[in-house]
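**Q** My questions will all concern the structure given below.
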Amino acid sequence: HVNAMTDLAIRYSDRHVLEHYHLSLGFQILRREDCDVTAALSKVDRKVFRELVIEMVLATDLINHFDVNDQFKDSILHDHTPKNHPPNLNRNFDGAVEPDTNNGNTKLINNRVICSMLLHCADVSCVAKAWPIYEKWISLLFEEFHRQGDEEKRLGLEVAPFMDREKSNPADAQQVFIKFIACESLELLTTWLPELQDPLMTNLEKNFSMLQQLADEHKSSGLDNKDKIVNIGAPKHLSEDELKDGV
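Shown next as structure tokens:
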């Protein structure tokens, strides 16, 4: 949206475009009498609810990834884990630190941090689902990426390599995403809630190994760069209905 200067990008001044759009649309729906799940709340609680939802949804923008993680470490985990540690798929944590509830304000702040972290983790959690589900999700995701890349090419815009259907390698791209985005967030969450260690981190490690195997097989095949598309179980072109069914 930002590169193409779409109407949405202009409306939201290039900042958190899709997140702001989803928030605006969601709160418009809530204004309908038959959809207002906050109708029973007081005016004060409705205000708190709106602020919380806005904060949570904006936290799903990956530009905020490191801030969300750091806030969770500082406010919830305290000094339980070293700051700025590199992701490590083999590291296991034990124990959990309860949120600081010394006063109401601290509790409210911590609740917002926790909710933002939970939604952020949910947003990246497909990498920790069972392989058959994750495999389908990768195919749907990269079809969306490739369609965006096709449109950017049509408009004469620069296309990110992972969005170029002639150059992208989904297995490699997903390994990078797991290493530098999903892994740390899910590790932090399972530090606080160790009962989620299995299946989240167990599936994550299995999926990472499967991606590594696919990437290794691809590299050993000696394909040219233009053919670097790893077929992981779905057709390259899906219909609009199929895309919607997979969301």
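Heads up, the sequence shown is in my numbering, so the first residue is 16 and it goes up one at a time. Quick reminder that beta carbons are idealized off the backbone N, C-alpha and C, glycines included.
Taking the CB atoms as reference points, tell me whether V128 and A197 lie closer together than 8 Å.
**A** As a first step, residue 128 must be located in the sequence shown, where it is residue number 113. As a first step, residue 197 must be located in the sequence shown, where it is residue number 182. Against a cut-off of 8 Å, the Cβ pair of A197 and V128 comes out as no contact.
**Q** Does DSSP classify A19 as helix, strand or coil?
**A** Stepping through the sequence shown from its first residue, residue 19 is reached at position 4. Reduced to three states, the DSSP call for A19 is coil.
**Q** Measuring straight from C-alpha to C-alpha, what distance separates D89 and P209?
**A** The residue labelled residue 89 in the question sits at position 74 within the sequence shown. The residue labelled residue 209 in the question sits at position 194 within the sequence shown. Approximately 18 Å between the Cα atoms of the pair.
**Q** Would you call the region 183-191 and the region 223-234 in contact, with 3 or more CB pairs under 8 Å?
**A** yes
**Q** Taking one C-beta from the region 28-40 and one from the region 71-91 each time, how about it: are there three or more such pairs within less than 8 Å?
**A** yes
**Q** So F87 and M132 are supposed to be a Cβ contact under 8 Å. How far apart are they, rounded?
**A** Counting from 1 along the sequence shown, the entry for residue 87 is found at position 72. Counting from 1 along the sequence shown, the entry for residue 132 is found at position 117. The Cβ separation is near 5 Å, so the contact holds.
**Q** I need the straight-line Cα distance from L40 to K58, nearest angstrom please.
**A** Counted from its first residue, the sequence shown places residue 40 at position 25. Counted from its first residue, the sequence shown places residue 58 at position 43. Rounded to whole angstroms, L40 to K58 spans 21 Å at the Cα level.
**Q** Once DSSP output is grouped into helix, strand and coil, what is the label at S140?
**A** Taking the sequence shown and counting its residues from 1, one reaches residue 140 at position 125. Of the three classes helix, strand and coil, the one that applies to S140 here is helix, per DSSP.
**Q** For L201, name the three-state secondary structure that DSSP assigns.
**A** To locate residue 201, count along the sequence shown from 1; it is residue 186. It is helical.
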